[in-house]
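Chains as they are written, first to last, in the numbering used here: chain B, 25 to 288; chain H, -7 to 270.
Here's the structure we're looking at; comments come further down.
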Amino acid sequence: MTSPAPGPAIEVAGLRKSYPSTSGTRPVLDGVDLTVPAGTVTALLGPNGAGKTTTVGVLSTLLRADAGTVRVAGHDVAREPDAVRASIGVTGQITAVDELLTGAENLRLVADLAHLGRAAGRRRTTELLERFGLTEAAGKPVSTYSGGTKRKLDLAMTLVGAPAVVFLDEPTTGLDPRSRRTLWDEVRALVADGTTILLTTQYLEEADHLADSVAVLHGGRVVAGGTPAELKAAYDAGSLDDVFLALTEPTGGTTPALDEEDVR
Amino acid sequence: MTAVTTTAPATARPRPVADVVTMVRRSLLRAVRYPGLTIFLVLGPLVVLLLFVHVFGGAFGAGVAPGVTPGAEGRAAYLDYITPTLLVLTVVGGATSVATSTAMDAAGGITARFKTMAIAPGAVLSGPVIGFLVQALAALVLVLGAAVAMGYRPGAGALDRLALLGLFVLLGLALNWLCVAMGLNARSVETASNAPMILLLLPFLGSGFAPVETMPTAVRWFAQHQPFTPVIETARGLLAGGAGPGGAVAAQAVAWCLVLGVAGWAWARSLYRRERRL
């Protein structure tokens, strides 16, 4: 399907982003550098408020950067946002489904918007319903689904257009262990197909299992990066938990307020 | 679970017309799944019509037409006078639903999903605009049917009816675009219908339920210079048939619709791309 583009799928250099606050502006991203090679999974780790969601927001064209360059799938997000949008799929923290429609109708809606054509759209819908174990629920209104089932539909909708780059913002938060495993399998299958994935997570175990590389975001910067094994070795730690704790100790003044990712 | 290998990637080429059709289809499908809003579009004006004709009409009718005696004759005269107003209010009701629907989409994640796809803002937003216009037009037919059942006899000829349809489509598009913007601008779904409430009140502060000549100077001045007075007068003239409305009044009505529609469209487009804190 998607042949990995030559060069990195995601290139971020010097990314800065501030939000207005009561006392002027509050920096959330303070010079983020990040490179994600095509066809790999990178996990963005960090404490609450580290700027993970803001990073995904800028990379997926929902937010504008204050400074820095961001290229996704070979296109600059500021200059060619529509070219970026045609290459990406995004599953945000808020489930992005139409509650009044059925699961199948939701998938067909996205297939139509991706211009797959009627026949291909139906094939793709059937295929994704099967793949995510949603065939039985397909004809029911989404408002009757459980949280986990909605989340699966959400991810299936993200994949309809076979995007080259997929952003998953805390995709497994609130999922039961079985659903979480299903999603991990799905991520591995996507990467085996050549898709590039950037996911944010608070579960270090998730990063350890899934990610080819990990970037730890803290105080608005990437404070460490590498494979999970490299990070553990570099910090002489038995688990990514220990690495995380060592790197993200509150340092007083430089830590952004903790509420950033709770605000819509 | 197996990997998928056979799907072509989404095309980067924009296809706005296809996207508009898709989004309108979604809006209508939502209306079928949740008919509450559509039923309210008919019930609201119907209750006002029954109340104003059968409770107030006997007395009010004598005030809107010269030589009419209170009672049954007054009711008939008032039915004649306010049916055009209620048709206009039906269109306004549709616009109110647009604001609520747009705010619901924005509060859930689905608007964010559309924003990360290569779809023109106009195509995304025209879904509820056209979808609720279709519903409002269907509601118009039912409200008009109810008025006819109550004894209303419009004198409109074929051309008048066509012009009337044109007027309501234009008004509906204008108000719906304005309400898309109001829905995007709302802080929450609960407050999304607050701003459009002003639109529901305006016909009362115009020639909707009483002739402007009977109002005190300040109110009269406002009534004569607000958009709904020429719109209602034009609808009234077209429904009555015969000479029809004055050309100047009709031109004012069309001009108001164009101004409100273009302003709403531009406002909605700028709000769509406005950053929303994640």
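Note that beta-carbon positions come from the ideal geometry of N, C-alpha and C, so glycine has one too.
Being a predicted model, the structure only gives us computed values, none of them experimental.
>> Looking at Ala188 (chain B): is its Cβ nearer than 8 Å to the Cβ of Ala97 (chain B)?
In response: For this step, residue 188 (chain B) is matched to residue 164 along the first sequence. For this step, residue 97 (chain B) is matched to residue 73 along the first sequence. Yes, Cβ-Cβ distance for Ala188 (chain B) and Ala97 (chain B) is below 8 Å.
> Under three-state DSSP, which class holds Lys256 (chain B)?
Replying inline: Walking along the first sequence from the start, residue 256 (chain B) turns up at place 232. Three-state DSSP puts Lys256 (chain B) in a helix.
> When the Cβ atoms of the region 135 to 155 of chain H are set against those of the region 145 to 162 of chain B, are three or more pairs found closer than 8 Å?
Replying inline: no
>> Please report whether the beta-carbon of Ile74 (chain H) lies at a distance below 8 Å from any beta-carbon of chain B.
In response: Against the second sequence, residue 74 (chain H) aligns to sequence position 82. No, Ile74 (chain H) lies away from the interface with chain B (no Cβ there is under 8 Å from its Cβ).
> From the DSSP output, which residues share a beta bridge with Ala248 (chain B)?
Replying inline: Start at 1 with the first residue of the first sequence, and residue 248 (chain B) comes out as number 224. Bridge partners of Ala248 (chain B): B:Val240.
> Taking Gly63 (chain H) as the reference, which of H:Thr77, H:Tyr73, H:Val47, H:Val13 has the closest Cα?
Replying inline: Along the second sequence, one-based indexing puts residue 63 (chain H) at 71. The option with the nearest alpha carbon to Gly63 (chain H) is H:Val47.
>> Cβ closer than 7 Å: which chain B residues qualify as neighbours of Ile190 (chain H)?
In response: Residue 190 (chain H) sits at position 198 when you count from the first residue of the second sequence. Under the 7 Å cutoff, chain B gives no residues; its nearest Cβ is about 27 Å from Ile190 (chain H).
> Where does Ala243 (chain H) land, buried or exposed, given buried means 16+ other C-beta within 10 angstroms?
Replying inline: In the second sequence, the residue the question calls residue 243 (chain H) occupies position 251. Ala243 (chain H) should be labelled exposed.
>> Can you pull the chain B neighbours of Gly100 (chain H), defined as C-beta to C-beta under 9 Å?
In response: Within the second sequence, residue 100 (chain H) is the residue found at index 108, counting from 1. Per Cβ cutoff of 9 Å: Ile118, Thr119, Ala120, Val121, Asp122, Glu123.
>> For a cutoff of 8 Å on Cβ pairs, would you count Tyr14 (chain B) as touching chain H?
In response: Because chain B here runs from 25 to 288, residue 14 (chain B) falls outside it and cannot be looked at.
>> If you reduce the DSSP assignment to three classes, tell me which class Ser93 (chain H) lands in.
In response: The sequence position of residue 93 (chain H) within the second sequence is 101, counting from 1. Looking at Ser93 (chain H) - three-state DSSP - the assignment turns out to be helix.
> Quick one: is Val30 (chain H) near chain B, going by C-beta distance under 8 Å?
Replying inline: Position 38 of the second sequence holds residue 30 (chain H). Checking the displayed sequence, the identity of residue 30 (chain H) turns out to be Thr instead of Val. So, not an interface residue.
> Under a three-way DSSP split, which group does Glu160 (chain B) fall into?
Replying inline: Sequence index remark: in the first sequence, residue 160 (chain B) carries index 136 (1-based). Three-state DSSP puts Glu160 (chain B) in coil, outside helix and strand.
> By the criterion of Cβ-Cβ separation under 8 Å, what are the contact partners of Thr85 (chain B) in chain H?
Replying inline: Looking up residue 85 (chain B) in the first sequence gives position 61. Those within 8 Å of Thr85 (chain B) in chain H are Lys107, Thr108.
> Hey, does Ile112 (chain B) have any beta-carbon neighbour from chain H nearer than 8 Å?
Replying inline: Residue 112 (chain B) sits at position 88 when you count from the first residue of the first sequence. Chain H, which has a Cβ nearer than 8 Å to the Cβ of Ile112 (chain B), makes this yes.
> Which first and last residues belong to the alpha helix (DSSP H) in which Thr206 (chain B) is found?
Replying inline: As a first step, residue 206 (chain B) is located in the first sequence; it is residue number 182 there, counting from the start. First-last of the alpha helix (DSSP H) with Thr206 (chain B): 201 to 216.
>> Considering only the alpha carbon of each residue, which of B:Ala128, B:Val114, B:His242, B:Thr93 lies closest to Leu17 (chain B)?
In response: Outside the modelled stretch of chain B, which goes from 25 to 288, sits residue 17 (chain B), for which no answer is possible.
> Under a Cβ-count criterion, where at least 16 other Cβ atoms within 10 Å of its own Cβ denotes burial, should Ala240 (chain H) be classed as buried or exposed?
Replying inline: Position 248 of the second sequence, counted from the start, is the residue given in the question as residue 240 (chain H). The residue is exposed, with fewer than 16 neighbouring Cβ atoms inside 10 Å.
>> To the nearest angstrom, how far is the alpha carbon of Gly31 (chain B) from that of Gly256 (chain H)?
In response: Locating residue 31 (chain B) in the first sequence gives position 7, counting from the first residue. Locating residue 256 (chain H) in the second sequence gives position 264, counting from the first residue. Roughly 44 Å between the two C-alpha positions.
> By a C-beta neighbour count over all protein chains shown, 10 Å radius and 16 as the cutoff for buried, is Pro222 (chain H) buried or exposed?
Replying inline: Taking the first residue of the second sequence as position 1, residue 222 (chain H) is located at position 230. Counting Cβ neighbours within 10 Å, Pro222 (chain H) comes out buried, since at least 16 surround it.
>> Tell me the DSSP secondary structure of Leu250 (chain H) in three-state form.
In response: Here residue 250 (chain H) corresponds to residue number 258 of the second sequence, with the count starting at 1. Helix, per DSSP.
>> Taking the alpha-carbon of Ser262 (chain H) as reference, which of H:Met174, H:Arg228, H:Ala232 has the nearest alpha-carbon?
In response: Position 270 of the second sequence, counted from the start, is the residue given in the question as residue 262 (chain H). For the residues H:Met174, H:Arg228, H:Ala232, the minimum Cα distance to Ser262 (chain H) belongs to H:Met174.
> Quick one: which chain C residues come within Cβ less than 7 Å of Ile111 (chain H)?
Replying inline: Of the protein chains in this structure, namely B and H, none is chain C.
>> Just verifying my parser: in three-state terms, what is the DSSP assignment at Val161 (chain H)?
In response: Taking the second sequence and counting its residues from 1, the one referred to as residue 161 (chain H) is at position 169. Of the three classes helix, strand and coil, the one that applies to Val161 (chain H) here is helix, per DSSP.
>> Suppose you measure from the CA of Thr279 (chain B) to the CA of Asp260 (chain B); what does that come to, to the nearest Å?
In response: Against the first sequence, residue 279 (chain B) aligns to sequence position 255. Against the first sequence, residue 260 (chain B) aligns to sequence position 236. For Thr279 (chain B), the pLDDT reaches just 42, beneath the cut-off of 50, and the residue's location in the model is therefore unreliable, although a value from the coordinates is still provided. One C-alpha to the other measures close to 24 Å.
> Closest to Gln226 (chain B) by CA distance: which of B:Ala110, B:Leu158, B:Leu192 is it?
Replying inline: To locate residue 226 (chain B), count along the first sequence from 1; it is residue 202. The shortest Cα separation from Gln226 (chain B) among B:Ala110, B:Leu158, B:Leu192 belongs to B:Leu192.
> Quick one: Cα of Asp286 (chain B) to Cα of Gly85 (chain H), how far?
Replying inline: Residue 286 (chain B) sits at position 262 when you count from the first residue of the first sequence. Residue 85 (chain H) sits at position 93 when you count from the first residue of the second sequence. Because Asp286 (chain B) sits at a pLDDT of 42, beneath the cut-off of 50, its placement in the model cannot be relied upon, and the following sentence gives the value as read from the coordinates. Going by the C-alpha atoms only, they are around 35 Å apart.
> Name the DSSP bridge partner or partners of Tyr43 (chain B)?
Replying inline: Here residue 43 (chain B) refers to the residue found at position 19 when the first sequence is read from its first residue. Bridge partners of Tyr43 (chain B): B:Arg50.
>> Given a cut-off of 8 Å on the beta-carbon distance, is the pair Leu241 (chain B) and Gly70 (chain B) in contact?
In response: Walking along the first sequence from the start, residue 241 (chain B) turns up at place 217. Walking along the first sequence from the start, residue 70 (chain B) turns up at place 46. Their beta carbons are under 8 Å apart, which means Leu241 (chain B) touches Gly70 (chain B) by this criterion.
>> Looking only at its chain, what residues have a beta carbon closer than 8 Å to the beta carbon of Asp122 (chain B), apart from the 5 residues adjacent to it on each side?
In response: As a working note, residue 122 (chain B) is residue 98 in the first sequence. So the qualifying residues of the chain are Glu129, Asn130, Leu133, Val166.
> Apart from the five residues on each side of it in sequence, which residues of its chain come closer than 8 Å, Cβ to Cβ, to Leu192 (chain H)?
Replying inline: In the second sequence, counting from the first residue as 1, residue 192 (chain H) sits at position 200. Leu81, Val84, Gly85, Thr88.
> the region 56 to 88 of chain B: which residues have C-beta closer than 7 Å to a C-beta of chain H, in chain order?
Replying inline: Thr77, Thr78, Gly81, Ser84, Thr85, Leu86, Leu87, Arg88
>> I want to verify the contact list: residues of chain B whose CB lies under 8 Å from the CB of Ala104 (chain H), in sequence order.
In response: Locating residue 104 (chain H) in the second sequence gives position 112, counting from the first residue. Residues of chain B passing the Cβ test: Leu86, Val114, Gly116, Ile118, Ala120.
> Got a sec: which bits of the region 99 to 110 of chain B sit with their beta carbon under 7 Å from any beta carbon on chain H, in order along the chain?
Replying inline: Asp106, Ala107, Arg109, Ala110
> Are the CB atoms of Thr77 (chain H) and Gly200 (chain H) nearer to each other than 8 Å?
Replying inline: Indexing the second sequence from 1 puts residue 77 (chain H) at position 85. Indexing the second sequence from 1 puts residue 200 (chain H) at position 208. Contact: yes.
> Taking 8 Å as the CB-CB cut-off, is Pro28 (chain B) touching chain H?
Replying inline: Counting from 1 along the first sequence, the entry for residue 28 (chain B) is found at position 4. Model confidence at Pro28 (chain B) stands at a pLDDT of 47, short of 50, so the residue's coordinates are unreliable and nothing is read from them.
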